Amino acid sequence: MSAPATASTAMEPRVLINYYIRKGWYDHVQRLCEGILDKKGNDPVITFWRCFGIVMEGSNSSAIRELESLKKKKEVELPCIHALIYAHNKCKNVDHEEIAQLEMQVVIAEESAGDTAQLLSANFFWHIKEYPKARKILENLMGGRIAAATPVQVKATILRGWIDLTAEPKTKRDLELRDNSLSFFADVKRYSPQLNSIIKPIEYCASFVMKSFYLILPSANDPEQLMGVAKYYDIKRAYPKSLECYDEVCPVSLDNEALSEKALVLLKTGEWDQCVDSAERALANSSDGLGGCSELMKALLSTEPSNPQLFYDIGRCIARISDRNHEVLSCNLCFIDQAIKLSSENGTFRAERGYQRSLMGDFAEAIESYKDALKLDESNESALHGLIYCQVKLGQVDDAAQQMEFLSVIQESIGNASADFVLLQAMLSWHKDGDRAKQVKFLQKAVQCHMDKLKDVMQTGDVSTYDMMSLLNPQFLVEIATEYIKLDGIDDGKSMASRGVSILEKLVNKSPGFIEAQVVLANTKFCANEFDDAYRVCNLILKMNPLHAQAHLLVARVSLEREHFKAASTSLDQALSHDFSVRQSPSFHIIKAKLLENDGNLKEALAILQNAMKAPTATVAAAVKGKRPAATADMTLFDKASIYIQMATVQAQLNNVGEATRLELVRLNPTADALVRLAEAYLRIQQLNDAIESYRSALVLSPHDASLASRIGHILVKKHDYISAIEYYETALRAAPDQTPLRRDLASLLTKLSHFDQALRVVNAAPAAPARTEIKDMQDDIELQLILPDIYNGLDRKDECVTRLLKVIALQKVVLDKLRDEQPDEIHRQTHHLANTNFKLAQIYAEQNDAYDISHVVTH
2 MSAPATASTA MEPRVLINYY IRKGWYDHVQ RLCEGILDKK GNDPVITFWR
52 CFGIVMEGSN SSAIRELESL KKKKEVELPC IHALIYAHNK CKNVDHEEIA
102 QLEMQVVIAE ESAGDTAQLL SANFFWHIKE YPKARKILEN LMGGRIAAAT
152 PVQVKATILR GWIDLTAEPK TKRDLELRDN SLSFFADVKR YSPQLNSIIK
202 PIEYCASFVM KSFYLILPSA NDPEQLMGVA KYYDIKRAYP KSLECYDEVC
252 PVSLDNEALS EKALVLLKTG EWDQCVDSAE RALANSSDGL GGCSELMKAL
302 LSTEPSNPQL FYDIGRCIAR ISDRNHEVLS CNLCFIDQAI KLSSENGTFR
352 AERGYQRSLM GDFAEAIESY KDALKLDESN ESALHGLIYC QVKLGQVDDA
402 AQQMEFLSVI QESIGNASAD FVLLQAMLSW HKDGDRAKQV KFLQKAVQCH
452 MDKLKDVMQT GDVSTYDMMS LLNPQFLVEI ATEYIKLDGI DDGKSMASRG
502 VSILEKLVNK SPGFIEAQVV LANTKFCANE FDDAYRVCNL ILKMNPLHAQ
552 AHLLVARVSL EREHFKAAST SLDQALSHDF SVRQSPSFHI IKAKLLENDG
602 NLKEALAILQ NAMKAPTATV AAAVKGKRPA ATADMTLFDK ASIYIQMATV
652 QAQLNNVGEA TRLELVRLNP TADALVRLAE AYLRIQQLND AIESYRSALV
702 LSPHDASLAS RIGHILVKKH DYISAIEYYE TALRAAPDQT PLRRDLASLL
752 TKLSHFDQAL RVVNAAPAAP ARTEIKDMQD DIELQLILPD IYNGLDRKDE
802 CVTRLLKVIA LQKVVLDKLR DEQPDEIHRQ THHLANTNFK LAQIYAEQND
852 AYDISHVVTH
């Protein structure tokens, strides 16, 4: 059993849907369809199969309601009516009048049904074992043809093969149909040399079938067709040929499914080593190893069927290392459900079920599980923690505060507070009291409590792997890190955010497979303007999961910051192709608006930004639905500020100056971060004095941020107030002599003003420091060193100019080597800088008439 896969470009969803239905995995069918619908939008055929999965699980009333609505779609009207008749017949109280009405509708729908609707109906009848009806529809589709002439007829031919192959043989005629089923798969395999060699020896196929085989149009290795041939030889016990076909399926698609089926065939042949190898390959290829969960469950049911604690221990451990993966958690719940089934009076098991539901974002369902646990034991600490946590997440802060009072009484009687309890105190300190200082204190205490408990347990030396991973609970650490990061931009938020980053970096360094933790880290790096680091983390995420839409979105935002608009557009398209629901996220609106602004579509850009500000946050949506939205995210202060800045820019370009200079963001949140963004808005509409005042206000709140002084200097230069700019830079440098960007700006300004001696003194006054290895630091050093050749040139010291350029070239080569994993655009930019430096050197050699050195430099 494997996780529902997402249909790739090489594989239509129907292939996986049919595979799961053949297996009887109806929940897989629903989840696969829901995943496709979430990402690709409305699709009547996929919705139909989702409804079919609901019917087969016994939820007839729910399925009937959805099918009634869906049958209005012309392309699925006929199969929907057939499915409604089937669902009504399965109901406990059958509505015969409704069925009679539906049967009349079938006659009308059949007259206007297209090929797709008929094929879907035949597929439906196959799965409910109405084989004669399915065959009749397919014969009508083929129109009496022996060979398939259209794509629909190719699918119909493959489907007919599967019907004849899987129909239970009750008569001699049924056996003959099964024997001849291979001919239908052969009909769409004309140009496959592998299958040709398999089919030639078959003597029992009717002569007309073999003749038609050479008349059929070729097909592009349909995996369902290949699986059909493999299944045929499996049934016929021609195992070597079956294995050949499964080997052919793997490179096409359905890799894990084919490997799993191949393992079953090898099991029948007694090839134990190969069987294990195929099974392990299937698990290794799976993104979440759900097949392993299924096998583990089977092993437990056969070897420890009456051991609820073991089911609980394993399920608890897997949940903690699940990275909040919905599919893993859905599969993992079976362990906890089995533990509850074996010990229904155990409140701890029910509380764990609530916790796992909360990890999935299903807070309403989690609350129900926690309440069930509390009915069994009203002092169940885990259940109380979980209940309060869910209430806070749903915005039910007053209810959570009341529960917290009760929990505090229990906590006092127990003694030492647990890390979970302290985290709840931190959350309520902000959500109820608005006390950030108190929140920070509790967050620090929560981390300390968590790590102390882990250390104490490890020192005992007698702890199982399950308990160790459960106690570590990476999900809990990510939660605390996220709370720290939310403090960014508030008072001493930078240092608080750095604590969150530190937790995440330690976690992902040890366990890089925690993708969601990597996503939080990448977003934090981006918000801190550490774009290179943000890109590198996204690059790691996309290497592990190329379909990760949020990582593609963040890459797009990094590209925009670097003004790589084409790359940003490509990344945005990638994100949309993998998950259509990202259209609801703030990042999508920011990126799309910026791209439209760059293309000159200002009114469209403004409309998108205005809609973004009206969109409800994820917290509001969660309070309404009781679930965490799948692809949306809370609009952070950074996102809100970014949208305001873009709106100011667009309004300014539309000559709406009054709108462009709104101070609402600063009034709502007068922090250094907000003031910087206001200053940037003023800059975009050329109100330089106001921008300087905003930067100075920000500098008061964040006196150690040298970049703010640098920005003020840039504005003074822009105003041609060079004396004030020089004075400002010198004052800032005295306060922060180790700030290379400030020193570079001052030296560059002095050089442009031909004050070469002063510029040289500024560069040489840089404090001595060990060689720096961080890319950003090295780039700052290079930019400072590149000013020296201009200074030496102005002082007519050509030899020193050459020496300095050679050193810069050596540094630039080191940086270029370190940028191997960077974006191609960034590598191109640094290569361009290196070429410019070499060109400057060549110019000096040309002036000196040094032909050898010129030719040497030109090669670079």
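Residue numbers (this note's numbering): 2 to 861. All C-beta atoms, glycine included, are put in the ideal place defined by N, C-alpha and C. All of these numbers come straight from a predicted model, not from anything done at the bench.
- Restricting attention to alpha helix (DSSP H) runs no shorter than 4 residues, the segment 224-254 encloses them at 224-236 and 240-253, ordered along the chain.
- The C-beta distance from Leu71 to Val77 rounds to 6 Å, short enough to fall under 8 Å.
- C-alpha of Asp44 to C-alpha of Leu455: approximately 49 Å in a straight line.
- If you ignore the 5 residues before and after Gln426, its C-beta comes within less than 7 Å of the C-beta of Phe443, all in its own chain and listed in chain order.
- By the beta-carbon neighbour count (other beta carbons within 10 angstroms, threshold 16), Lys171 is exposed.
- Excluding sequence positions up to five before and after Ser122, its CB lies within less than 6 Å of the CB of Leu79, Pro80, His83 and Ile138, all in the same chain and listed in chain order.
- Contact between the segment 523-530 and the segment 469-478 is not established, with fewer than three Cβ pairs separated by less than 8 Å.
- Contact annotation, Cys52 with Glu67: C-beta distance approximately 5 Å; criterion of less than 8 Å satisfied.
- Note on Cys246: 16 or more other CB atoms within 10 angstroms of its CB, so buried under the neighbour-count rule.
- The straight-line gap separating the alpha-carbon atoms of Tyr730 and Val809 is approximately 24 Å.
- By the criterion of a C-beta distance shorter than 7 Å, Phe515 is surrounded in its chain by Asp324, Pro475, Leu508 and Val509, once the five residues flanking it on both sides are discounted.
- Here Ala569 has Ala557, Ser560, Leu561, Ile592 and Leu596 as same chain residues with Cβ atoms under 7 Å from its own Cβ, once five neighbours each way along the sequence are excluded.
- Leaving aside the five residues that flank Asp175 on each side, the residues in its chain whose CB is nearer than 7 Å to its CB run, in chain order, Ala168.
- Nearest neighbour of Arg15 by Cα position, chosen from Ala285, Val46 and Leu835, turns out to be Val46.
- Contact check for Val521 against Val479 passes: the beta carbons are separated by less than 8 Å.
- Of the candidates Ser331, Tyr234 and Asp706, Ser331 places its Cα closest to the Cα of Arg32.
- With respect to Leu260, Arg238 sits apart: the two C-beta atoms are not nearer than 8 Å.
- Pairing Glu131 with Glu104, the inter-Cα distance amounts to about 16 Å.
- Runs of the alpha helix (DSSP H) lying entirely within the segment 303-342, each at least 4 residues long, are 309-321 in chain order.
- The DSSP-derived three-state label of Asp96 is coil.
- The DSSP-derived three-state label of Asp363 is strand.
- Ranked by how close their Cα comes to the Cα of Asp674, the residues Gln759, Lys777, Ala529 and Leu577 have Ala529 in first place.
- Cβ contact annotation for Gly714 (same chain, cutoff 7 Å, sequence separation greater than five): Ala726, Tyr729, Tyr730 and Asp746, in chain order.
- Taking 8 Å as the cut-off, the Cβ atoms of Lys40 and Phe589 do not count as close.
- Rounded to the nearest angstrom, the Cβ distance from Ile159 to Trp127 is 11 Å, too far for a contact under 8 Å.
- Ser711 is not a Cβ neighbour of Pro738, given a cutoff of 8 Å.
- Counting only residues of its own chain and dropping the five nearest sequence neighbours on each side, Val763 has a CB closer than 7 Å to the CB of Arg744, Leu747, Ala748 and Leu751.
- DSSP assignment within the segment 713-779 yields the following whole alpha helix (DSSP H) runs of 4 residues or more, N-terminal first: 723-736, 741-753 and 757-765.
- For Arg179, the enclosing alpha helix (DSSP H) begins and ends at Lys173 to Ala187.
- If you look at Gly144, you'll find it isn't in any alpha helix (DSSP H); DSSP assigns it neither H nor E.
- The continuous stretches of alpha helix (DSSP H) do not include Trp26, and DSSP gives it neither H nor E.
- Taking Leu835 as reference, the option from Gln849, Tyr846, Val815 and Glu848 with the minimal CA-CA separation is Val815.
- DSSP assignment within the segment 500-544 yields the following whole alpha helix (DSSP H) runs of 4 residues or more, N-terminal first: 516-528.
- Taking C-beta atoms as the reference points, Ala401 and Asn381 fail to come closer than 8 Å.
- The alpha-carbon of Phe186 is positioned some 29 Å away from that of Asp278.
- Spatial neighbours of Asp781 in its own chain (CB-CB distance under 8 Å, excluding positions within 5 residues in sequence) are listed in chain order as Thr741, Pro742 and Arg745.
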